[in-house]
Amino acid sequence: MTVSEVCKALGGEVQCEGNGAREITGATAGDLLSFVMGTAPEGAAWVTVQAHLNVAAVAVLKDLPLIIIASGRKAPEDLIERCRTEEIAILSVPETLYAVCIKLSQLGLKG
Numbered sequence: 010m011t012v013s014e015v016c017k018a019l020g021g022e023v024q025c026e027g028n029g030a031r032e033i034t035g036a037t038a039g040d041l042l043s044f045v046m047g048t049a050p051e052g053a054a055w056v057t058v059q060a061h062l063n064v065a066a067v068a069v070l071k072d073l074p075l076i077i078i079a080s081g082r083k084a085p086e087d088l089i090e091r092c093r094t095e096e097i098a099i100l101s102v103p104e105t106l107y108a109v110c111i112k113l114s115q116l117g118l119k120g
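Each residue of the sequence shown is one higher than the one before, counting from 10 in this note's numbering.
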């Protein structure tokens, strides 16, 4: 699935378009940045409740094309700007991290 397809399937608010044509190869979830740095596979969609600039640094380091911010949290402007520069999409959704992971699994994305 592409970034755009995942965003459309999940709904929510796209806060940064990123590269919508990029393929998503799987999914990862976590809020501890060092854990995500050590375990996230490249090309995965990342589900988190973290919403600060350091999230972009981890996404760049791990080549994650989509950050899904769960539980109704919103990305601040500095995170949006950095992700725009790096072509990383940001999707804000009202569902919990757990509920988003279930939806990603139903879409066929493996963690």
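Backbone N, C-alpha and C fix where the C-beta goes; we use that ideal spot for every residue, glycine too.
It should be emphasised that the depicted structure is a prediction, and the values quoted were computed from it without experimental measurement.
Secondary structure of residue i, DSSP reduced to three states
{"i": "Val102", "result": "coil"}
{"i": "Glu22", "result": "strand"}
Residue i - partner residues in DSSP beta bridges
{"i": "Ala60", "result": "According to DSSP, which records beta bridges pairwise, Ala60 is partnered with nothing at all."}
{"i": "Thr48", "result": "Paired residues: none, contrary to the question."}
{"i": "Gly35", "result": "Ala53"}
Buried/exposed call for residue i, threshold 16 Cβ in 10 Å
{"i": "Thr94", "result": "exposed"}
Cutoff 8 Å; reference residue i; Cβ partners in own chain excluding five residues on either side
{"i": "Asn63", "result": "Leu42"}
Close beta carbons around residue i, own chain, < 7 Å, minus the five adjacent residues each side
{"i": "Arg31", "result": "Thr11, Val12 and Pro74"}
Own chain residues within Cβ distance below 6 Å of residue i, not counting five before or after
{"i": "Ala36", "result": "Ala53, Ala54, Leu113, Leu118 and Gly120"}
- Could you name each continuous alpha helix (DSSP H) segment of 4 residues or more that falls completely within the stretch 70 to 102, going from the start of the chain to the end? Counting only runs of 4 or more, we get 86 to 95.
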